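In the numbering used here, the protein residues as written are 918 to 1307. Beta carbons are placed, not taken as given, at the ideal position from N, Cα and C, and that holds for glycine. The model shown is predicted, which means the values in this text are computed figures rather than measured ones. Structure first, commentary second.
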């Protein structure tokens, strides 16, 4: 009987999954899919590698129902398979968890306490964990953290300019998208091994967006901080703001904490600037001036942060675009690279339009790549390692 690993990424309205064969202690993707639109119109989609895509309507399904449906589909589709462990994407591990960990009641309780630090993600991640543990209490389940990759950065990168008592109690810049950055670094080491230890900036650009500067294969600086609000403007998140503005909105506009949270997480970013959509594809296609300005604003902020990240690693050898926008928007990539010739970075326009792996020109001293991320594979690798170390 084949032994498989299941990885889950539970969001507010969807559960993404991947199934990996663990033959010879390696992992190979055999299927992936998603249950989306959780609630009354849930839809199941699955891609069995090499056999095409199947989909069906589920009607009402919550997280528990979605995960149960995924397992039932696996049992029917792979009758000789035995799921031996489940790996979960967990956005925040706090100060305590800086590497993947087997989930027990104490671990779960600690992660539950971090929900205010990542309100868009952590509660739903943990809902997925609860559903999976209830359905399969005997299976080992492993939490893999987006914050872990950034652990160990210098004080200057982790601290805020507040009294040190805040730092001592854990008020720090954690950074996120770590599973994505870790995967991209692994891919870079395969594509261009000597570059992986050099001065690298990875731009994870999607509904959530951040940059990470790496040196020697380690995270040195990143644009997200204490929460996933800091840094770049995102789909509906504001990115960095003057704290004085927040005080003004509280004092003058009398915004409550829930109202302020809703504004910053759900009404800002590309959506707020354009008044149209949080989807970059729709904004790029629109002739509306506000939509065009939102796109240009986003590009401007990314370019500015590329330069700032480069300063933390004393220059730049490799720039990598990933995430939904980073991989699919040639316009954004071109806009970011335009004007960075002073860094030795020049665009190959034709390669960029075709979405090729390397989009820098031959005269460029800085390499630019487009690499699709795969957080599920990183979760599977970490899960396999964790259960083998038990």
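Runs of the alpha helix (DSSP H) spanning 4 or more residues and lying entirely within the segment 991–1079 occur at 1022–1029, 1039–1052, 1072–1075, in chain order. In the three-state scheme derived from DSSP, where H, G and I count as helix and E and B as strand, residue 979 is classed as coil. Between the segment 1222–1235 and the segment 1127–1137 there are three or more inter-stretch CB-CB distances shorter than 8 angstroms, so the stretches are counted as touching.
Within the model, the alpha-carbon separation for residue 1109 versus residue 1279 is close to 16 angstroms.
The residue from 1001, 1180, 949 with its alpha-carbon nearest to that of residue 967 is 949. For residue 1265, no alpha helix (DSSP H) run applies, since DSSP gives it neither H nor E.
Annotation note: the segment 1133–1183 contains the following uninterrupted beta strand (DSSP E) runs of length 3 or greater, listed N- to C-terminal: 1135–1139. Shown here, residue 960 sits in a strand according to DSSP, grouped into three states. Between residue 1178 and residue 996, the alpha-carbon positions lie close to 46 angstroms from each other. Beta-bridge partners of residue 945 (DSSP): 938. Inter-residue distance for residue 1035 and residue 1063 is about 11 angstroms (C-alpha atoms, whole angstroms). Residue 1005 is classed as buried because its beta carbon has at least 16 other beta carbons within 10 Å across all chains shown.
Exclusion of the five residues before and after residue 1181 leaves 1146, 1154, 1155 as the residues of its chain whose Cβ lies within less than 7 angstroms of its Cβ. The residue among 1162, 1094, 986, 1148 with its C-alpha nearest the C-alpha of residue 1186 is 1148. Counting every other CB atom within 10 Å of its CB across the protein chains shown gives residue 1300 a total of 16 or more, marking it as buried.
Residue pairing for residue 973: DSSP places it in a beta bridge opposite 961. Within the segment 1193–1269, the complete beta strand (DSSP E) segments of 3 residues or longer fall at 1235–1239, listed in chain order. The beta carbon of residue 1291 sits closer than 7 angstroms to those of 1100, all from its chain and outside the five residues before and after it, given in chain order.
Secondary structure at residue 1104: helix, using DSSP grouped into helix, strand and coil. For residue 1285, the enclosing beta strand (DSSP E) starts and ends at 1284–1287.
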